[in-house]
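Everything on this sheet refers to the single structure shown next.
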Amino acid sequence: MKFYRINESATANAESTALNDAGQTIAATFTFDRTISRELMGKNGIFGVTRAVADEFTSHGFTGFEIGQAECAVSEEAEDSQSVSPPDLVLFNVVGKFLHDDFAIGPLNLVTASERAYELMTERDPETATWATEIRVDQ
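Quick note: the sequence shown uses my numbering, first residue 2, plus one each step.
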């Protein structure tokens with residue numbers, strides 16, 4: 002099976018707002034200064050996906066992730082805050098085993114996706130392919 006390194010869209014400021022006992026983020030706030038049309042986004046190791054794609058990941062039985070709560074807000078620094086429309090996001094905690102589960106965090110601290118998960122992501126968000134690279138086993 003092939004795997005891909007996904008460079009998420011770092012177009013939102015992401016802050017953890019709640020942690021579990023293990024110190025893992027279980028809720029986060031994503032702040033936007035412009036309207037974003039990507040399916041996966043994040044910053045500083047905190048990732049969000051649209052609710053629609055999270056539902057598809059779940060219905061396809063993909064492994065290596067947990068869903069948490071996300072709030073979206075418009076940044077006070079947005080030039081035209083009235084025109085910013087934040088997406089409907091959920092927190093996307095990547096917990097899978099690298100090169101085993103459909104989603105994992107790879108050596109470069111980037112999200113990795115199995116071929117089947119990557120295909121669904123690029124079908125929904127073709128720009129994902131622009132920033133993704135296939136992982137060679139010897140990398």
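Yeah, the Cβ is synthetic: ideal placement off N, Cα and C, and Gly gets one too.
Asked                                                                                                                      : Found
Candidates E67, S86, F104, of which the one nearest F33 by Cα                                                              : S86
Under the three-state DSSP convention, the category Q140 falls into                                                        : Any reading at Q140 must be qualified, since the residue scores a pLDDT of 48, below 50, and its modelled position is unreliable; no value is offered.
Residues bridged to F63 (per DSSP)                                                                                         : Per DSSP, none; premise fails for F63.
Cross-strand partners of S38 (DSSP beta bridge)                                                                            : Answer by DSSP bridge pairing: none, since S38 is not bridged.
In chain order, each alpha helix (DSSP H) run of at least 4 residues that lies wholly inside the region 75–136             : 116–125, 128–131
Burial state of E40 (16 or more Cβ within 10 Å)                                                                            : buried
Proximity winner among C73, P127, G107, A29, relative to G65 (alpha-carbon distances)                                      : G107
Beta-carbon contacts of L109 that lie in its chain and below 8 Å, excluding the five residues immediately before and after : R6
Same chain only: Cβ atoms within 6 Å of I68, ignoring 5 sequence neighbours per side                                       : A55, V91
Nearest candidate by alpha-carbon position, reference A19, set T12, S82, A71, E77                                          : A71
Own chain, CB closer than 8 Å to V95, minus 5 neighbours either side, in chain order                                       : F48, G65, F66, F104, A105, I106, V112
Limits of the unbroken beta strand (DSSP E) element including A19                                                          : 13–20
Sub-8 Å separation of R35 and A79 beta-carbons                                                                             : yes
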